[in-house]
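Contents: one structure, followed by commentary.
Numbering (my numbering), first residue to last: 5 to 130.
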């Protein structure tokens, strides 16, 4: 099975060794997206700001592959601090609707560099 890398268009770039997204068969696998600008530089903000920027970056990659967040089948979330969990769940509902994708949320796993990160698997339905 051939793969296609999603690296062009309005996709945030990174100096780190990973592809923003890879299409394999009917699925798009999106690498972890954090609060970064178009050149991959971290943008520090409040938890809410970093969470929204991360989801927006995810959305840009998904749309560059011809899909929407409604096509998500799995979303993995990494929340830096437990006290941000309620805010995370509220923001999550702004980006994902019922029926919600399968979801994993890890707390306290990011160290001091990031407040939030997200990755996802998207069904392209080809």
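Where a beta carbon is used, it is the ideal one built from N, C-alpha and C, also for glycine.
According to DSSP, residues forming a beta bridge with residue 121: 82, per the DSSP bridge assignment.
My output table needs one value for residue 66: the three-state DSSP class, helix, strand or coil. Helix, per DSSP.
Ends of the alpha helix (DSSP H) at residue 89? That run of the alpha helix (DSSP H) goes 89-99.
Residue 73 in three-state terms, based on DSSP: Helix at residue 73.
State whether the segment 55-70 contacts the segment 18-25, with contact taken as three or more CB pairs (one from each stretch) at a distance under 8 Å. Using a C-beta cut-off of 8 Å, the segment 55-70 makes contact with the segment 18-25, since at least three inter-stretch Cβ pairs fall below that distance.
Rounding to the nearest angstrom, what Cα-Cα distance links residue 100 and residue 32 in this structure? The straight-line gap from Cα to Cα measures roughly 17 Å.
Identity of the residue in 104, 85, 126, 98 nearest residue 60 by Cα: If we check each option's Cα against that of residue 60, 98 comes out closest.
Might you give, ordered along the chain, the residues of its own chain that have their beta carbon closer than 6 Å to the beta carbon of residue 84, omitting 5 neighbours on each side? Cβ neighbours of residue 84 beyond the five flanking positions: 114, 119.
With 8 Å as the threshold, decide whether the Cβ of residue 44 is near any Cβ in chain C. Any reference to chain C falls outside this structure, which holds one protein chain only.
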